[in-house]
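Engineer: Residue numbers (the numbering used here), protein chains in the order written: chain S, 61 to 501; chain V, 61 to 501. I have a structure here, written as structure tokens, and I will follow up with some questions on it.
There are 2 protein chains.
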Amino acid sequence: MAPRNTTVNISLMGLGTVGGGVAAALMGNADAIKRKTGRTVRLKQALVRDVSRPRDPSLPAGLLTTNPEDILSDPDVDIVVEMMGGDSPAGSYLERAIAAGKHVVTANKEVMSRRGPSLLALAQEKRVNLLFEASAGGGIPIVGCLMSQLLANDIRSIRSIINGTTNYILTRMARQQTPFADALAEAQARGYAESDPTNDIEGIDAAYKLSVLGSLAFHRPIPHDSIYTEGISRLAPEDFRYAAELGYAIKSLAIAVAEDDGAVRARVHPALVPEDHLLAKVDGVYNAVEVTGDLCGQIILHGQGAGREATTSAVMGDVLNIVRGLANSEGPPPLPDTPSVASNGGPLAPVHPIDELSSAYYMRLTCADQAGVLAQIAQILGDGNISIATVIQKDTDPGSGTAQLVITTYPSREADVQTALRAVGELSVVVSVNNLIRIEE
Amino acid sequence: MAPRNTTVNISLMGLGTVGGGVAAALMGNADAIKRKTGRTVRLKQALVRDVSRPRDPSLPAGLLTTNPEDILSDPDVDIVVEMMGGDSPAGSYLERAIAAGKHVVTANKEVMSRRGPSLLALAQEKRVNLLFEASAGGGIPIVGCLMSQLLANDIRSIRSIINGTTNYILTRMARQQTPFADALAEAQARGYAESDPTNDIEGIDAAYKLSVLGSLAFHRPIPHDSIYTEGISRLAPEDFRYAAELGYAIKSLAIAVAEDDGAVRARVHPALVPEDHLLAKVDGVYNAVEVTGDLCGQIILHGQGAGREATTSAVMGDVLNIVRGLANSEGPPPLPDTPSVASNGGPLAPVHPIDELSSAYYMRLTCADQAGVLAQIAQILGDGNISIATVIQKDTDPGSGTAQLVITTYPSREADVQTALRAVGELSVVVSVNNLIRIEE
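Shown next, in the form of structure tokens:
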């Protein structure tokens with residue numbers, strides 16, 4: 061490792077939106093970085109797919125390479141910053157960089173979710189830093205808080221809004237009563253959603269992030285594919301209207317809870333949130349994470365979950381902390397932020413299936429507008445041990461002879477609710493079961 | 061320093077509410093601490109005033125001492141945790157502990173505000189950690205965020221609610237229209253306010269905390285006595301009622317802003333906050349800190365600003381991070397969280413006087429209920445370059461022939477507003493100038 065007072069060489073893998081922001085920060089803020097860390101940094105090289113593409117900022121041609129070996133095999137590179145995204149080839153590049161004794165910063169939720177434990181173990185063995193603040197929550201400093209400031213806590217739960225695309229769409233649907241398809245198209249037009257929006261709207265992106273946060277919080281790996289996910293495409297403007305009447309907003313939440321039996325319950329799905337809760341007030345592309353610990357109680361962090369500048373804040377924060385650590389130690393570099401337990405690759409957290417969830421529910425049905433309908437539905441719910449909390453009949457349509465029935469329940473077992481709702485759907489007086497949404501108090 | 065794999069000895073100075081929480085965490089969570097840090101910790105001794113006083117948790121008599129030398133001169137003590145509060149003698153104890161090569165954790169806002177730069181410089185010289193997460197914001201991890209995760213940012217401003225006592229009182233006044241004196245008495249009865257509440261209600265406590273946060277954010281010491289403070293005792297229930305009609309809550313804010321000319325503007329005072337802003341929704345004893353940086357944009361951290369458990373979360377987080385650092389390095393201990401610039405004891409931040417502030421204002425006057433009054437007042441304000449935004453006449457009292465006049469202004473210069481308001485107060489038709497409150501958009 062470079063001795064004190066020499067320049068720290070940093071190479072980037074990926075020079076897209078975030079990579080460009082990091083390159084600009086490294087090149088434009090040299091004085092501030094020197095002041096904050098005690099060391100001078102230099103952008104040594106950046107891995108790109110196409111060296112001829114115009115970029116902001118534009119880099120001298122000599123700094124661009126299409127060959128990862130130029131970075132991974134360069135003994136002068138102290139820190140590799142990976143901003144390519146996706147598991148392959150980024151994951152193996154990170155592994156090779158760490159194996160070569162380089163410090164690593166990554167913004168890659170998928171790699172940290174799939175390979176975090178093994179990469180952290182390798183980093184600990186090689187006595188290098190692996191930091192990943194930008195992998196969940198964008199500019200919100202939640203990763204570092206879980207690893208460092210909140211370390212003394214026994215974390216009980218995380219409830220979060222960690223996908224800006226879905227939150228933008230839900231905010232539009234709630235405020236302007238925009239149908240889902242229109243809100244999605246608008247998000248795509250504004251660049252908030254990709255042309256294939258599946259990862260965002262089906263909760264896959266949030267599951268990767270929740271996997272990263274939950275693993276840090278509970279000190280055990282939580283594989284992303286053990287997380288129950290449910291998308292937002294079934295939500296309709298009337299759900300937001302009825303929810304508001306009941307005193308709730310609808311948000312897509314990523315939730316991980318440590319159960320008393322030692323298992324973890326992790327899930328991503330739309331939920332009704334009381335409108336006076338701070339999570340209900342997270343609007344547009346903003347994100348928020350609520351952490352509940354035995355000592356700290358309930359903490360909420362709110363900020364920008366994506367975007368060039370906010371993500372650059374997280375990546376550069378990691379970079380500067382590594383550079384400062386290099387400046388402060390002549391011996392092996394410190395590992396201030398490596399969670400020792402997660403990196404031990406401890407046993408996977410057992411994850412309870414969604415069937416066993418106990419939750420209150422909101423259900424919306426389209427029924428025949430005639431006497432006795434509610435009695436039949438209530439009978440089925442009662443037989444299934446599901447207690448009704450409220451019933452609202454809405455939007456009677458004389459043309460079709462139907463009405464909307466909105467029912468909320470007291471906490472019930474998910475499997476019981478699903479079974480009962482299938483039976484309800486088979487009633488001749490029920491035209492359709494439109495939606496079932498969990499209620500988070 | 062103790063080599064790897066040996067027990068880390070921790071001694072406490074102060075064993076009150078927070079000290080008791082830290083002692084309980086050290087004694088009760090040994091397994092979890094070992095798992096999280098890789099090292100075993102031992103509570104070696106605790107400095108108290110009276111060894112015979114009953115305590116929760118109760119400590120073996122041998123662990124208690126009334127003599128600070130027992131801790132400061134003990135070569136086996138690795139970490140000193142100071143929770144006595146106040147500048148003297150805590151400040152000199154901390155200095156001696158650092159000089160003796162011990163790592164130090166403190167919850168002391170006054171010491172960190174008054175002596176932070178010199179103590180941090182000494183810690184850097186001695187290559188030990190000085191961590192102080194609990195000195196501002198209680199259980200909210202804002203100190204570490206400013207030092208670590210947000211390090212890459214050029215921080216532009218901090219706006220915060222960092223005194224739970226005043227926020228509890230203001231919440232009572234707003235919700236139940238309780239007069240100030242009654243809300244204060246209730247806060248005292250519940251243990252949220254001390255018998256002499258001056259430090260809290262006059263903004264002195266918040267100024268110490270803002271001094272700590274501002275110094276970290278702007279990388280220059282901001283002395284607490286350079287911070288303008290204004291208490292909450294002039295607020296009346298009708299101010300909350302009128303503010304609500306205008307769409308605002310009233311909160312006591314601690315604000316530090318980096319001005320374009322390099323100066324800092326730091327102040328603690330009641331302010332009207334738009335009711336849809338998250339700061340307006342911080343209720344009771346909760347605290348919140350909003351940080352605006354060039355990269356991260358606006359981040360808000362919300363949580364418990366005081367109390368035994370929340371403060372223990374912050375203190376023990378610092379302790380565990382030091383212990384983990386010791387476990388990860390055989391050489392000199394790392395200094396991951398020591399802000400190099402603040403510890404250099406750089407030049408004081410120039411602080412603009414409040415006179416030069418540009419702000420919108422809310423003013424409440426008691427006037428004669430007769431024609432032409434507003435014209436006279438508007439004339440004086442207009443002559444003072446103050447543009448009126450709204451006027452509401454309220455609570456006409458036929459008995460005294462008076463009415464309440466509530467005026468809000470567009471942004472104006474504080475000195476101009478103060479001068480004009482003195483002239484308004486001298487009008488024969490003005491019975492009293494009841495309040496002048498700044499508006500924060």
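In this text, a Cβ means the ideal position worked out from N, Cα and C, and glycines have one as well.
Are at least three pairs of beta-carbons, each pair with one atom in the segment 100-118 of chain V and one in the segment 154-167 of chain V, less than 8 Å apart?
Structural biologist: In short, these stretches do not touch, since the Cβ pair count stays below three.
Engineer: Under DSSP, the alpha helix (DSSP H) around Gly88(V) begins and ends at which residues?
Structural biologist: If you number the second sequence from 1, residue 88(V) lands on position 28. First-last of the alpha helix (DSSP H) with Gly88(V): 77-88.
Engineer: Kindly provide the ranges of any alpha helix (DSSP H) runs that are 4 or more residues long and lie completely inside the segment 152-213 of chain S, ordered along the chain.
Structural biologist: For the segment 152-213 of chain S, whole alpha helix (DSSP H) runs of length 4 or above, ordered along the chain, are 169-186.
Engineer: One question on the structure: do Val375(S) and Ala84(S) come within less than 8 Å of each other, judged by their Cβ atoms?
Structural biologist: Position 315 of the first sequence, counted from the first residue, corresponds to residue 375(S). Position 24 of the first sequence, counted from the first residue, corresponds to residue 84(S). No, Cβ-Cβ distance for Val375(S) and Ala84(S) is not below 8 Å.
Engineer: Should Gln430(V) be flagged as near chain S, meaning a C-beta pair shorter than 8 Å?
Structural biologist: Start at 1 with the first residue of the second sequence, and residue 430(V) comes out as number 370. It does not; no Cβ of chain S falls within 8 Å.
Engineer: Ignoring anything shorter than 4 residues or poking outside the segment 255-289 of chain V, list the alpha helix (DSSP H) runs there in chain order.
Structural biologist: Entirely contained in the segment 255-289 of chain V, the alpha helix (DSSP H) runs reaching 4 residues are, in chain order, 258-261, 264-278.
Engineer: Could you compute how far the alpha carbon of Gly363(S) sits from the alpha carbon of Ala316(V)?
Structural biologist: Translated into positions along the first sequence, residue 363(S) becomes position 303. Translated into positions along the second sequence, residue 316(V) becomes position 256. Cα-Cα distance, rounded: 19 Å.
Engineer: Between Val141(S), Arg368(S), Asn168(S), Glu319(S), which has its C-alpha nearest Leu417(S)'s C-alpha?
Structural biologist: Counted from its first residue, the first sequence places residue 417(S) at position 357. It is Glu319(S) whose Cα lies nearest to the Cα of Leu417(S).
Engineer: With 8 Å set as the bound, which would you pick, yes or no: does the beta-carbon of Glu523(S) sit closer than that to a beta-carbon of chain V?
Structural biologist: With chain S running from 61 to 501 in the structure shown, residue 523(S) is simply not present.
Engineer: Tell me whether Thr450(V) sits in a helix, a strand or coil according to DSSP, three-state version.
Structural biologist: Here residue 450(V) refers to the residue found at position 390 of the second sequence. Looking at Thr450(V) - three-state DSSP - the assignment turns out to be strand.
Engineer: Report the residues of the segment 106-136 of chain S with a CB closer than 7 Å to any CB of chain V, ordered along the chain.
Structural biologist: Under the 7 Å Cβ criterion, the segment 106-136 of chain S contributes no residue.
Engineer: Rounded to a whole number of angstroms, what is the C-alpha to C-alpha distance between Gly79(V) and Gly377(V)?
Structural biologist: For the purposes of this step, residue 79(V) is taken as the residue at position 19 of the second sequence. For the purposes of this step, residue 377(V) is taken as the residue at position 317 of the second sequence. Roughly 14 Å separates the two Cα atoms.
Engineer: Short of 7 Å Cβ to Cβ, which residues in the segment 180-211 of chain V face chain S?
Structural biologist: Residues Glu193, Gly199, Ile200, Pro201, Gly204, Cys205, Ser208, Gln209, Leu210, Leu211.
Engineer: Given this structure, state the Cα-to-Cα distance separating Glu390(V) from Tyr422(S), to the nearest angstrom.
Structural biologist: Numbered from its first residue, the second sequence carries residue 390(V) at position 330. Numbered from its first residue, the first sequence carries residue 422(S) at position 362. Below a pLDDT of 50, predicted positions are generally treated as unreliable, and Glu390(V), at 42, falls in that range; the measurement from the model is reported next regardless. Roughly 57 Å between the two C-alpha positions.
Engineer: Within 8 Å (strictly less), CB to CB, does Val401(S) reach chain V?
Structural biologist: Within the first sequence, numbered from 1, the residue matching residue 401(S) stands at position 341. With a pLDDT of 38 at Val401(S), under the threshold of 50, the modelled position of that residue is not reliable, and the figure given next carries that caveat. Chain V contact via Cβ: present.
Engineer: Hey, how far is the Cα of Arg99(V) from the Cα of Glu369(V)?
Structural biologist: Counted from its first residue, the second sequence places residue 99(V) at position 39. Counted from its first residue, the second sequence places residue 369(V) at position 309. For Arg99(V) and Glu369(V), the distance between alpha carbons rounds to 23 Å.
Engineer: Give me the chain V residues within the contact set of Gln47(S), using Cβ-Cβ distance strictly less than 9 Å, ordered along the chain.
Structural biologist: Summary: the structure shown does not reach residue 47(S), with chain S confined to residues 61 through 501, and so no result is reported for it.
Engineer: Kindly say whether Gly251(V), judged by its beta-carbon, lies nearer than 8 Å to any beta-carbon of chain B.
Structural biologist: Here the protein chains are S and V, and chain B is not one of them.
Engineer: With a Cβ-Cβ cutoff of 8 Å, do Ile467(V) and Tyr302(V) count as a contact?
Structural biologist: Mapped onto the second sequence, residue 467(V) falls at position 407. Mapped onto the second sequence, residue 302(V) falls at position 242. Contact flag unset, no.
Engineer: Give me the residue from Asn259(V), Tyr308(V), Thr77(V), Ala160(V) with the minimum Cα distance to Met144(V).
Structural biologist: Here residue 144(V) corresponds to residue number 84 of the second sequence, with the count starting at 1. Considering only alpha carbons, the answer is Thr77(V).
Engineer: Could you tell me which residues DSSP pairs with Thr126(S) in its beta bridges?
Structural biologist: In the first sequence, counting from the first residue as 1, residue 126(S) sits at position 66. DSSP, once it has assigned bridges, lists no residue as partnering Thr126(S).
Engineer: Taking the alpha-carbon of Pro135(S) as reference, which of Gly146(S), Pro149(S), Ala159(S), Ile200(S) has the nearest alpha-carbon?
Structural biologist: Within the first sequence, numbered from 1, the residue matching residue 135(S) stands at position 75. Closest option to Pro135(S), Cα to Cα, is Ala159(S).
Engineer: On a Cα-Cα basis, can you pick out the residue from Arg250(V), Lys454(V), Asp91(V), Val477(V) that is closest to Asn445(V)?
Structural biologist: Mapped onto the second sequence, residue 445(V) falls at position 385. Here the closest residue by C-alpha is Val477(V).
Engineer: Give the DSSP-derived three-state secondary structure of Glu142(V) in the structure shown.
Structural biologist: Position 82 of the second sequence, counted from the first residue, corresponds to residue 142(V). Note: Glu142(V) maps to strand in three-state DSSP.
Engineer: What alpha helix (DSSP H) runs, 4 residues minimum, are completely inside the segment 419-493 of chain S?
Structural biologist: Entirely contained in the segment 419-493 of chain S, the alpha helix (DSSP H) runs reaching 4 residues are, in chain order, 433-443, 474-485.
Engineer: In whole angstroms, what separates the C-alpha of Arg187(S) from that of Val164(S)?
Structural biologist: Looking up residue 187(S) in the first sequence gives position 127. Looking up residue 164(S) in the first sequence gives position 104. Computed Cα separation, rounded: 11 Å.
Engineer: For a contact defined as C-beta to C-beta under 7 Å, what are the partners of Gly76(V) on chain S?
Structural biologist: Position 16 of the second sequence, counted from the first residue, corresponds to residue 76(V). In chain order: nothing, as chain S lies at least about 17 Å away.
Engineer: Could you tell me whether the Cβ atoms of Leu276(V) and Ile93(V) are closer together than 8 Å?
Structural biologist: For the purposes of this step, residue 276(V) is taken as the residue at position 216 of the second sequence. For the purposes of this step, residue 93(V) is taken as the residue at position 33 of the second sequence. No; because the gap between Cβ atoms is not below 8 Å, this pair is not in contact.
Engineer: To the nearest whole angstrom, what separates the beta carbons of Ile218(V) and Gly197(V), a pair I think is in contact under 8 Å?
Structural biologist: Position 158 of the second sequence, counted from the first residue, corresponds to residue 218(V). Position 137 of the second sequence, counted from the first residue, corresponds to residue 197(V). In fact, because the Cβ distance is near 11 Å, the residues do not count as touching under 8 Å.
Engineer: Return helix, strand or coil for Asp397(S), following the three-state DSSP convention.
Structural biologist: As a position in the first sequence, residue 397(S) is number 337, starting the count at 1. With a pLDDT of 39 at Asp397(S), under the threshold of 50, the predicted position of this residue should be treated as unreliable, though the coordinate-derived value follows. Three-state DSSP puts Asp397(S) in coil, outside helix and strand.
Engineer: Compare the C-beta of Glu335(V) against all C-beta atoms of chain S and say whether one is closer than 8 Å.
Structural biologist: For the purposes of this step, residue 335(V) is taken as residue 275 along the second sequence, with counting starting at 1. No - not a single Cβ of chain S is within 8 Å of the one on Glu335(V).
Engineer: On the DSSP bridge list, what partners appear for Glu350(S)?
Structural biologist: Position 290 of the first sequence, counting from 1, holds the residue named residue 350(S). Answer is Arg219(S), Ile360(S), bridged to Glu350(S).
Engineer: If contact is defined by three or more beta carbon pairs under 8 Å, each pair taking one atom from either stretch, is the segment 196-215 of chain S in contact with the segment 289-309 of chain S?
Structural biologist: As far as the Cβ criterion goes, the segment 289-309 of chain S does not touch the segment 196-215 of chain S, which means the pair count is below three.
Engineer: Let me check one thing: in DSSP terms, what residues is Ile70(S) bridge-paired to?
Structural biologist: By one-based count along the first sequence, residue 70(S) stands at place 10. DSSP output for Ile70(S) lists Leu103(S), Ile139(S) as bridge partner(s).
Engineer: At a Cβ cut of 9 Å, what residues of the segment 307-332 of chain S count as close to chain V, listed as they run along the chain?
Structural biologist: For the segment 307-332 of chain S, which is checked against every Cβ of chain V, not one residue is closer than 9 Å.
Engineer: Could you tell me whether the Cβ atoms of Tyr308(S) and Val333(S) are closer together than 8 Å?
Structural biologist: As a first step, residue 308(S) must be located in the first sequence, where it is residue number 248. As a first step, residue 333(S) must be located in the first sequence, where it is residue number 273. In this structure, Val333(S) lies closer than 8 Å to Tyr308(S) by Cβ.
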